[in-house]
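Quick note, in the working numbering, the sequence shown goes up one by one and the last residue is 1088. Using N, Cα and C, we set each Cβ at its ideal position, and we do this for glycine too. The structure displayed is predicted, hence computed values, not measured ones. Notes follow the structure.
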Amino acid sequence: MTQDFYSKPAIIGGEKAKATPFGTGKRHGELEKQLLADVIDSDMLFYFLGTKVLEFQREFAAMYGKEHCVACSSGTAAVHIALGALELPAGSEVITSSITDMGSLTGVLYQGLVPVFADVDPDTLNMDPASVIRLITDKTRAILVVHHSGLAADMDALLEIGREYNLKVVEDCAQAYCCEYEGRLAGTMGEIAAFSLNHFKHITCGSGGMVITDDPDLRYRASLFLDKCYQREEKIRNPFFLAPNYQMTELQGAVALAQLRKVQAIVNRRNQLGTRLSALLEKLPGIIPQTVPAGSKHAYFLYLFRLDLDRLGCTASEFSEALAAEGIPNSAHLITGGRPVYLYDIFRKRSAFPGTDWPFCPDRLYSKGDCPIAEAAFDRWITMHVYEHYTERDIDEIALGVGKVAHHFAQVHA
Ligand SMILES: Cc1ncc(COP(=O)(O)O)c(C=O)c1O
């Protein structure tokens, strides 16, 4: 028997909506093997003397229409490098999103900068420019914009704030490959942008990252920052600032280069599937897909939708459990462990470095109530994935599952 939205939900004994296995596919193949073999044959794994990292940097910069790309060991490293290259004085405040990965924040703290967390827009979960303005003080030096879930933040407003208050704008594009905002690519609008190649991202080399910029000085300092401040280009070894070793190896470079050739197709496919899913979900009772503003192209690192709890009368956890019973992997409470990042112990207890509360600042506490919209989001949103290997049928069955669960709760609650 074929099912519809009114069929008995699986959580109370009905059939699962997801009747067939999800489409799958391999992420790595012949090209990765061939480029890796080139590296082994070359007997050179060190980026500065090899060719693959160099080639990857050139291709990535060209894809983004930027002058420079510097590759490194992770997205966390990339954000750290971007901040290090900007030479922000220790003690400066950096305003960023209350919903992001810890990798956005590690470099902030290591540079002795004070993170300040902005609230988010209730429809997109991206940083709310009005909240950013409220947080600006005479110590603010930068805005670290996170393009959350693969959807561009409100860049016109954020860039305008940057100009008005003389703040650097750094873009964290770890989740946002080929993501478009009003005809521009996320990552091309601020002074400098960071990307991640970790396992979960659209493309991966196990772990890796890159920074892009048009500014030759930023490129130069970024290249030193990832390599102990050794001036390899000049053959000088006289470090003049503190810098970690965040090198990308030729092995990572080879895989990253192969992956780069696939990224546009991956994002296009995810965009197609995500758009299809939203068109189906927006008709359902109590289901509100993440808003994609006109002019934006969503890269769908994550697929998100919000629950109208008044209409459905259930919690996000109950909805999530019923949806999982339909055979549809999902989670409630977003991906930051069920709370905005400023409620992590490291911020609440000011415990970044042992034996000191440095670099936190006594008049910046991190407490419940700081970002009410972000806090409320954790009980309202469901997170799923639309992977590029999914088929149209997968999407339709996901929509069927969400529809069954939504109608079930809406009816029980009516
Ligand atoms: C927004 C954001 N920034 C930074 C990072 C850190 O990237 P990586 O895991 O490669 O260090 C991530 C990773 O999930 C991320 O999502």
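Review point. Would a C-beta distance cut-off of 7 Å place Ile-1047 and Pro-803 closer than the cut-off?
Key: As a working mapping, residue 1047 is identified with position 373 in the sequence shown. As a working mapping, residue 803 is identified with position 129 in the sequence shown. No, the Cβ-Cβ distance between Ile-1047 and Pro-803 is not below 7 Å.
Review point. In terms of alpha-carbon separation, which member of Leu-709, Cys-853, Gln-849 and Lys-1042 lies closest to Asp-1019?
Key: Taking the sequence shown and counting its residues from 1, the one referred to as residue 1019 is at position 345. Answer by Cα proximity: Lys-1042.
Review point. Quick one: does the C-beta of Asn-872 sit closer than 6 Å to a heavy atom of ligand 1?
Key: Residue numbering aside, residue 872 sits at position 198 when the sequence shown is read from its first letter. Yes; taking the cut-off as 6 Å, the Cβ of Asn-872 has a heavy atom of ligand 1 nearer than that.
**Study point:** Cβ-based burial, Ser-991 [other Cβ within 10 Å; buried from 16]
**Key:** Counted from its first residue, the sequence shown places residue 991 at position 317. Of the residues assessed, Ser-991 falls on the exposed side of the cut-off, its CB having fewer than 16 other CB atoms within 10 angstroms.
Practice item. Going by CA-CA distance only, name the one from Thr-1057, Glu-1062, Arg-701 and Arg-858 that's closest to Leu-930. Key: The residue labelled residue 930 in the question sits at position 256 within the sequence shown. Reading the sequence as shown, one finds Ala at residue 930 and not Leu. Considering only Thr-1057, Glu-1062, Arg-701 and Arg-858, the residue with the shortest C-alpha distance to Ala-930 is Arg-701.
Check your understanding: At what residues does the beta strand (DSSP E) containing Tyr-977 begin and finish?
Key -> Counting from 1 along the sequence shown, the entry for residue 977 is found at position 303. 977-981 is the span of the beta strand (DSSP E), which, as asked, contains Tyr-977.
Practice item. Work out the CA separation of Val-713 and Ala-735 for me, nearest whole Å. Key: Walking along the sequence shown from the start, residue 735 turns up at place 61. Walking along the sequence shown from the start, residue 713 turns up at place 39. About 22 Å.
Exercise for review: Using only alpha-carbon positions, find the residue among Gly-1001, Val-727 and Asp-1068 that is nearest to Ala-928.
Suggested key: Along the sequence shown, one-based indexing puts residue 928 at 254. The shortest Cα separation from Ala-928 among Gly-1001, Val-727 and Asp-1068 belongs to Val-727.
Practice item. Using alpha carbons as the reference points, say which of Val-885, Asp-1037, Leu-710 and Ala-973 lies closest to Gln-926. Key: In the sequence shown, the residue the question calls residue 926 occupies position 252. Closest option to Gln-926, judged by alpha-carbon separation, among Val-885, Asp-1037, Leu-710 and Ala-973: Leu-710.
Exercise for review: Check whether the Cβ of Thr-750 sits closer than 6 Å to any heavy atom of ligand 1, and report yes or no.
Suggested key: Counting from 1 along the sequence shown, the entry for residue 750 is found at position 76. Within the cutoff, so yes.
Review point. Should Val-937 and Ile-886 be called a contact, given that it needs their Cβ atoms to be closer than 7 Å?
Key: As a first step, residue 937 is located in the sequence shown; it is residue number 263 there, counting from the start. As a first step, residue 886 is located in the sequence shown; it is residue number 212 there, counting from the start. Not in contact: Val-937 and Ile-886 (Cβ atoms no closer than 7 Å).
Review point. So, using beta-carbon positions, are Arg-752 and Met-922 closer together than 7 Å?
Key: Sequence index remark: in the sequence shown, residue 752 carries index 78 (1-based). Sequence index remark: in the sequence shown, residue 922 carries index 248 (1-based). Note on identity: in this sequence residue 752 is Ala, with Arg being the wrong assignment. Contact flag unset, no.
Point to revise | Contact under 7 Å by Cβ, Asp-1068 with Phe-696 | key: Stepping through the sequence shown from its first residue, residue 1068 is reached at position 394. Stepping through the sequence shown from its first residue, residue 696 is reached at position 22. In this structure, Phe-696 lies closer than 7 Å to Asp-1068 by Cβ.
Check your understanding: Are at least three pairs of beta-carbons, each pair with one atom in the stretch 1052-1068 and one in the stretch 679-691, less than 8 Å apart?
Key -> No: the two stretches stay apart, fewer than three of their Cβ pairs being nearer than 8 Å.
Point to revise | Per DSSP, cross-strand counterpart(s) of Phe-869 | key: Taking the first residue of the sequence shown as position 1, residue 869 is located at position 195. DSSP lists Met-884 as partners of Phe-869.
Review point. Excluding the five sequence neighbours on either side, which residues of its own chain have a C-beta within less than 8 Å of the C-beta of Asn-800, listed in chain order?
Key: As a first step, residue 800 must be located in the sequence shown, where it is residue number 126. Within the same chain, Asn-800 has close Cβ partners Ser-771, Val-794, Val-820, His-821, His-822, Leu-825, Ala-826, Ala-827 and Asp-828.
Exercise for review: Would you grab the beta carbon distance between Leu-757 and Val-788 for me? Rounded to a whole angstrom, and I think it's under 8 Å.
Suggested key: Taking the sequence shown and counting its residues from 1, one reaches residue 757 at position 83. Taking the sequence shown and counting its residues from 1, one reaches residue 788 at position 114. Incorrect: roughly 12 Å between the Cβ atoms, too far for contact.
Check your understanding: Ile-714 lies in the alpha helix (DSSP H); which residues open and close that run?
Key -> Counting from one through the sequence shown, the residue named residue 714 turns up at place 40. Segment 704-716, the alpha helix (DSSP H) holding Ile-714.
Point to revise | Same chain, Cβ closer than 8 Å to Met-863, neighbours up to 5 away in sequence not counted | key: Along the sequence shown, one-based indexing puts residue 863 at 189. Contacts found: Met-829, Leu-833, Val-843, Glu-845 and Tyr-855.
Review point. Can the beta-carbon of Ala-850 be found closer than 7 Å to that of Ala-860?
Key: Position 176 of the sequence shown holds residue 850. Position 186 of the sequence shown holds residue 860. In this structure, Ala-850 places its C-beta atom within 7 Å of the C-beta atom of Ala-860.
Check your understanding: Hey, is Ala-848 close to ligand 1, as in C-beta under 6 Å from one of its heavy atoms?
Key -> By one-based count along the sequence shown, residue 848 stands at place 174. Indeed, a heavy atom of ligand 1 lies less than 6 Å from the Cβ.
Review point. Under a three-way DSSP split, which group does Tyr-855 fall into?
Key: Residue 855 sits at position 181 when you count from the first residue of the sequence shown. Secondary structure of Tyr-855 (DSSP, three-state): strand.
Practice item. Pull up the CB-CB distance for Leu-997 and Phe-1083, whole angstroms please, since I reckon it's below 8 Å. Key: One-based indexing of the sequence shown puts residue 997 at position 323. One-based indexing of the sequence shown puts residue 1083 at position 409. Taking C-beta atoms under 8 Å as the contact rule, Leu-997 and Phe-1083 fail to qualify, at a distance of about 11 Å.
Practice item. Check whether the Cβ atoms of Phe-722 and Arg-906 lie closer than 7 Å to each other. Key: Numbered from 1 along the sequence shown, position 48 holds the residue referred to as residue 722. Numbered from 1 along the sequence shown, position 232 holds the residue referred to as residue 906. In this structure, Phe-722 places its C-beta atom within 7 Å of the C-beta atom of Arg-906.
Check your understanding: Are the CB atoms of Ser-1025 and Ala-1006 nearer to each other than 7 Å?
Key -> Here residue 1025 corresponds to residue number 351 of the sequence shown, with the count starting at 1. Here residue 1006 corresponds to residue number 332 of the sequence shown, with the count starting at 1. Judged by beta-carbon spacing, Ala-1006 lies beyond the 7 Å limit of Ser-1025, meaning their Cβ atoms are not closer than that value.
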